[in-house]
Amino acid sequence: MAQEVKPYNEEDSSKKEQVTKMFDTISGEYDGLNRMISLGLDQKWRANVVDMIAATNPDTIMDIATGTGDLVIQMAQKTNASNL
0 MAQEVKPYNE
10 EDSSKKEQVT
20 KMFDTISGEY
30 DGLNRMISLG
40 LDQKWRANVV
50 DMIAATNPDT
60 IMDIATGTGD
70 LVIQMAQKTN
80 ASNL
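Numbering of the sequence shown is given in numbering that gives the first Met the number 0, commencing with residue 0 and proceeding in unit increments.
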């Protein structure tokens, strides 16, 4: 049987709550670390995706598994689409 893994081993909170807490803890550093590790390529591919989406004049945009939200924020700024 699989062993239950809890990131913080807190008995009083669910795994979902603990993962949320873990992400909240690292999210402030994630974007900077990603830029450093990728040598800025993350910004370039994100800009390309935003330009491609903006060229289609979408009515709505949705970013599933948004992470820190960089992509959907840039799409919202560059298009007239409503956000889901």
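Beta carbons: idealized from backbone N, C-alpha and C, even for Gly.
On a predicted model such as this, the values are computed, not experimentally measured, just so you know.
#### Entry: Residue burial classification, M74 (beta-carbon count within 10 angstroms, cutoff 16)
buried
### Task
My understanding is that T65 touches D30, with C-beta atoms under 8 Å, so please give their C-beta distance in whole angstroms.
13 Å between Cβ atoms; not a contact.
### Message
To test your reading of the DSSP string, which unbroken alpha helix (DSSP H) runs of 4 or more residues are found completely within the segment 7-74?
### Response
14-36 and 40-53
### Task
Could you check if V49 is buried or exposed, using at least 16 other CB atoms within 10 Å of its CB as the buried criterion?
buried
### Query
Buried or exposed: which applies to T78, given that a residue is buried once 16 or more other Cβ atoms fall within 10 Å of its Cβ?
buried
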